[in-house]
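To start, the structure itself, in structure tokens.
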Amino acid sequence: MKKVLVVFGTRPEAIKMCPLIIELKKRRNLEIVVCVTGQHRQMLDQVLNVFNIIPDYDFSIMKNKQTLFDITCTILEKTKELIEKITPDIVLVHGDTTTTFAAALASFYKNVEVGHVEAGLRTYDINSPFPEEFNRRAVSLISKYHFAPTEQARNNLLNEKINNNIYITGNTAIDALSTTVRKNYVHEHLEWAKGSKLIMITAHRRENLGEPLKQMFRAIKRIILEHPDVKAIYPIHMNPIVRETAREILGNEDRIKIIEPLEVIDFHNFMNHAYLILTDSGGIQEEAPSLGKPVLVMRETTERPEGIKAGTLKLVGTDEDNIYYSFKELLINKKLYAEMAKSSNPYGDGKSSQRIADIIEHGFTDI
Numbered sequence: 001m002k003k004v005l006v007v008f009g010t011r012p013e014a015i016k017m018c019p020l021i022i023e024l025k026k027r028r029n030l031e032i033v034v035c036v037t038g039q040h041r042q043m044l045d046q047v048l049n050v051f052n053i054i055p056d057y058d059f060s061i062m063k064n065k066q067t068l069f070d071i072t073c074t075i076l077e078k079t080k081e082l083i084e085k086i087t088p089d090i091v092l093v094h095g096d097t098t099t100t101f102a103a104a105l106a107s108f109y110k111n112v113e114v115g116h117v118e119a120g121l122r123t124y125d126i127n128s129p130f131p132e133e134f135n136r137r138a139v140s141l142i143s144k145y146h147f148a149p150t151e152q153a154r155n156n157l158l159n160e161k162i163n164n165n166i167y168i169t170g171n172t173a174i175d176a177l178s179t180t181v182r183k184n185y186v187h188e189h190l191e192w193a194k195g196s197k198l199i200m201i202t203a204h205r206r207e208n209l210g211e212p213l214k215q216m217f218r219a220i221k222r223i224i225l226e227h228p229d230v231k232a233i234y235p236i237h238m239n240p241i242v243r244e245t246a247r248e249i250l251g252n253e254d255r256i257k258i259i260e261p262l263e264v265i266d267f268h269n270f271m272n273h274a275y276l277i278l279t280d281s282g283g284i285q286e287e288a289p290s291l292g293k294p295v296l297v298m299r300e301t302t303e304r305p306e307g308i309k310a311g312t313l314k315l316v317g318t319d320e321d322n323i324y325y326s327f328k329e330l331l332i333n334k335k336l337y338a339e340m341a342k343s344s345n346p347y348g349d350g351k352s353s354q355r356i357a358d359i360i361e362h363g364f365t366d367i
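Sequence positions in the sequence shown follow UniProt numbering and run 1 to 367.
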């Protein structure tokens, strides 16, 4: 019996790891131990409830005004203690969060093998996104097994002389959609937007705080004022800086609805009803193409170039005019919109969790 410790701590990690946990628990040869760090709290718990995942351990690290130093040190120490207690054969981490880095580092220090889900994503700009680009590159050095979502991710690892135990599995984000998207979904906010072109907005990245975020919001406001057939919904991040900036620039527009963060089922279904999406997030770049939704990525770099190559994403940066004109073009150019909406999803077919579970169960041989 192989003991697998799964560690994650944020909402995006939970969305992508819960389908994998469900699949792993089906395997009779695996003992699965689930640990959450609570790097996010309320938003994390919402996702766990949706997938009916009850953690075996919860570090509950969240505290007011916590810093990267607080998160890293606390998770490092608590993961060490947990590894000593349960002696896992492998620790699975996901992506690029501080939870991912600290848990992987603790495993490395305790000489426990690390499996990295969503391995190989890169911007090659250590400050963009910050600190995620450092986290994922550091975890690649530590990991024994690399579950790469795409051929490009695999090639990134190979170019870094990481030559062993790389498996192309697709992205588990696509698996989650089969659980969350509902055919007959209804919501009062969608009723509010009925008859309009609904724009979904997410914006919260640390490197975009300040002037970049203001430019993003100003571009969105210009479009809303010019196009009466457009409404926008913005599930706002908990960060007080984001909230203050949004209130200042977008708060008085009656066709922009700023709401509290949505549970994962709601958010995925809102995306499914949207006309297009503006985001600085990572996971949305993978999810939206499966729903046939064009995405404007309000960042200077992206670790998901496959979507740009496939035509599902467009990288527009954080300059106000660039966002404004790209946004406007998608609203008025029906041919361009159709091309982006019909592009295929390069990130998976909804069977990624099954592939990863097969690999783990059968001893990391080629499947």
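We put the beta carbon where it would ideally sit given N, CA and C, even for glycine. If you're wondering where the values come from, they're calculated on a predicted model, not measured in any experiment.
Beta-bridge pairing of residue i - partner residues as DSSP gives them
i      : result
GLU113 : ILE90
THR202 : THR279
ILE258 : TYR234
ALA148 : ILE168
TYR185 : DSSP output for TYR185 lists no bridge partner at all.
LYS78  : Bridge partners of LYS78: none, in fact.
VAL6   : VAL34, LEU92
Outcome for residue i when other beta-carbon atoms lying within 10 angstroms are tallied against a minimum of 16
i           : result
ILE126      : exposed
LYS65       : exposed
ILE201      : buried
VAL7        : buried
GLU286      : buried
ASN171      : buried
TYR347      : buried
SER140      : buried
LEU225      : exposed
ALA14       : buried
GLY195      : exposed
GLY350      : buried
residue 368 : One cannot answer for residue 368 here, as it falls past the ends of the chain, which runs 1 to 367.
Residue i to residue j span [Cα, whole Å]
i           : j      : result
ARG243      : PRO261 : 12 Å
THR302      : LYS25  : 33 Å
ILE359      : ILE90  : 13 Å
ALA106      : THR279 : 33 Å
ILE32       : PHE270 : 32 Å
LEU331      : ILE277 : 12 Å
LYS231      : ASN272 : 15 Å
ALA288      : PRO294 : 7 Å
LYS144      : GLU113 : 6 Å
residue 369 : GLY283 : Residue 369 is absent from the structure shown; the chain starts at 1 and stops at 367.
GLU132      : THR98  : 7 Å
TYR109      : ILE54  : 27 Å
PRO88       : VAL4   : 6 Å
PRO19       : ILE308 : 26 Å
TYR167      : GLN42  : 33 Å
GLU188      : LEU198 : 14 Å
MET17       : ASP56  : 15 Å
Neighbourhood of residue i by C-beta, 7 Å cutoff - its chain only, sequence neighbours within 5 removed
i      : result
ILE249 : LYS214, PHE217, ARG218, LYS221
TRP192 : LYS257
HIS40  : GLY9, THR10, ARG11
Neighbourhood of residue i by C-beta, 8 Å cutoff - its chain only, sequence neighbours within 5 removed
i      : result
GLY251 : ILE258
ARG205 : PRO129, ASP280, SER281, ARG299
ARG247 : ILE258
Cβ shell of residue i (< 6 Å), same chain only, five flanking positions each side left out
i      : result
ILE265 : VAL50, THR180
HIS237 : HIS204
Cβ of residue i within 7 Å of any chain B Cβ
i      : result
ALA203 : This model lacks chain B altogether, as it is built from one protein chain only.
Practice task
Specify whether the stretch 71-84 and the stretch 95-111 touch according to this definition: at least 3 beta carbon pairs, one from each stretch, less than 8 Å apart.
Solution key: yes
Practice task
Specify whether the stretch 82-89 and the stretch 320-335 touch according to this definition: at least 3 beta carbon pairs, one from each stretch, less than 8 Å apart.
Solution key: no
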